[in-house]
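Residue numbers (the working numbering): 12 to 392.
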């Protein structure tokens, strides 16, 4: 068909794109679609009736560390070049984005290899050469290729729609630590902790709550937080999915119909929270090492925060105390304590007392600085 897969960074900002084959034939190419999140672009040339050779994607899930691979590319503009090596690791994150799923290989990958295929020994493309780790700019045996299973999904969408259509759940998540697992009475340290639910999202409609731990999605176990965005994104928009979550010390099932991520990114569906006035109260909670107060306009101005964020403001943090050790700062808002929504200072005290009665090792707080929310487990032993 004349379809060509490469990296987005190879053709980004290009005014004109030409394709040169190994037999010196040259074609003008147009962009079918591209995706900056995974650094993949799909191009098309008109073959003019010529039968062009083509390759097929293999299954990157079948790769094992130690398997032999071949990297093809155009390093330093020298022309077609092949290097051999083994798979050093799978599922690598290199800080490119939340959908990182890279194969690490020691096959020499240099500048100019980007967009080239990484083959298995059966001639299937199991990766797209994308990046290297090097202090000198040359290969030191640490190269990265986008896994073919991720690339195949993206390419299929670019071919069909000219853009990506990713599944969207609508939750903000964070890693489950040992302390957080203990505070939630969760026996295994795994899953993705929901720190907040976006208003108007599929998750809100499915009754997800802050504090839920997503343990499985569409039958796939979530061991690490970063696995959830990839699984959700690869699920078709509009599909109804079963999700297993941990809430109130028990496993429950929710069913959610996924939305479209790209559409949500272009729409502002956030809603203002109600801002009900409450009387001023000051409380010092020694066990946590914090002083808290019901929010008012004076405190909001002092700490440069929006009163609509929440109801209870941390006004002071004891230096060296339990909250201080968890990098909690004065000016931040407590939105949830343990299993309770926090609407006034007494809610924090009640949640703490309840945690002590249950012999919990930590109290879980949902903290907001006005820009992002995060759960923090504070040791209360």
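Virtual Cβ for every residue (Gly too), placed ideally from N, Cα, C.
All of these numbers come straight from a predicted model, not from anything done at the bench.
message: Distance check for residue 211 and residue 168, CA to CA, integer angstroms please.
response: When rounded, the separation of the alpha-carbon atoms in residue 168 and residue 211 is 25 Å.
- request: Tell me whether the beta-carbon of residue 122 lies closer than 7 Å to the beta-carbon of residue 114.
  value: no
- request: Go ahead and pull the three-state DSSP assignment for residue 44.
  value: strand
message: Does residue 266 pass the burial test, meaning 16 or more other C-beta atoms within 10 Å, or should it be called exposed?
response: exposed
- prompt: Under the three-state reduction of DSSP, which class applies to residue 165: helix, strand or coil?
  reply: helix
field: Distance between residue 158 and residue 314 (C-alpha atoms, nearest Å)
entry: 45 Å
query: Short check: CB of residue 302 to CB of residue 311, under 7 Å?
result: no
field: Minimum C-alpha distance to residue 125 - residue among 16, 247, 367, 346
entry: 16
- request: With distances taken Cα to Cα, identify the nearest neighbour of residue 94 among 131, 68, 112.
  value: 131
query: How would you label residue 260, buried or exposed, when you count the other beta carbons within 10 angstroms and need 16 or more for buried?
result: By the neighbour-count criterion, in which a residue is buried when 16 or more other Cβ atoms sit within 10 angstroms of its Cβ, residue 260 is exposed.
field: Residue from 276, 193, 257 whose Cα sits closest to the Cα of residue 370
entry: 193
message: Measuring alpha carbon to alpha carbon, tell me which residue in 128, 245, 45 is nearest residue 86.
response: 128
- prompt: For residue 214, which of helix, strand or coil comes out of DSSP?
  reply: helix
- prompt: DSSP state of residue 353, grouped into three classes?
  reply: In this structure, residue 353 counts as coil in the three-state DSSP scheme.
message: Contact between the region 62-79 and the region 200-208 is defined here as three or more beta-carbon pairs at a separation below 8 Å; is this criterion met?
response: Between the region 62-79 and the region 200-208, the count of C-beta pairs closer than 8 Å stays below three; the two stretches do not touch.
query: Taking the DSSP output, what are the residues bridged to residue 227?
result: 232, 255
message: With H, G and I counted as helix, E and B as strand and the rest as coil, what does DSSP make of residue 38?
response: strand
- prompt: Is the distance from the Cβ of residue 46 to the Cβ of residue 175 below 7 Å?
  reply: yes
query: So, residue 300 versus residue 332, is the Cβ gap smaller than 7 Å?
result: yes
task: Hey, could you find the ends of the alpha helix (DSSP H) residue 333 is sitting in?
output: From DSSP, the alpha helix (DSSP H) with residue 333 extends over 333-336.
message: Our contact map puts residue 214 next to residue 182 with C-beta atoms below 8 Å; I'd like the distance itself, whole angstroms only.
response: Confirmed, Cβ separation roughly 5 Å.
- prompt: DSSP state of residue 346, grouped into three classes?
  reply: strand
- prompt: Looking at the structure shown, is residue 399 part of a helix, part of a strand, or coil, going by DSSP?
  reply: The first residue shown for the chain is 12 and the last is 392, placing residue 399 beyond what the model contains.
- prompt: Nearest-angstrom Cα distance between residue 44 and residue 165?
  reply: In a straight line, the C-alpha of residue 44 is about 10 Å away from that of residue 165.
- prompt: When the Cα of residue 70 is compared with those of 139, 217, 232, which residue comes out closest?
  reply: 139
query: Is the beta carbon of residue 274 less than 7 Å from the beta carbon of residue 252?
result: no
query: Run through DSSP, which three-state label would residue 86 get?
result: Correct three-state label for residue 86: helix.
task: Just the C-alpha distance for residue 298 and residue 105, rounded to the nearest angstrom, thanks.
output: Between residue 298 and residue 105, the alpha-carbon positions lie close to 39 Å from each other.
task: Quickly, what does DSSP pair residue 128 with across the bridge? List them, please.
output: 139
- request: Report the partner residues of residue 100 according to the DSSP bridge assignment.
  value: Its beta-bridge partners are 115.
message: Can you tell me whether residue 36 is buried or exposed? The criterion is at least 16 other CB atoms within 10 Å of its CB, across all chains shown.
response: exposed
task: Report buried or exposed for residue 91, applying the criterion of at least 16 other Cβ atoms within 10 angstroms of its Cβ.
output: exposed
query: Taking the alpha carbon of residue 225 as the point to measure from, which residue in 200, 246, 216, 245 has its own alpha carbon closest?
result: 200
- request: Alpha carbon to alpha carbon, how far is residue 155 from residue 142? Give it in angstroms, no decimals.
  value: 5 Å
task: Please name the residue, chosen from 54, 258, 382, that lies closest to residue 198 on a Cα-to-Cα basis.
output: 258
query: Who does residue 77 pair with in a DSSP beta bridge?
result: Beta-bridge partners of residue 77 (DSSP): none assigned.
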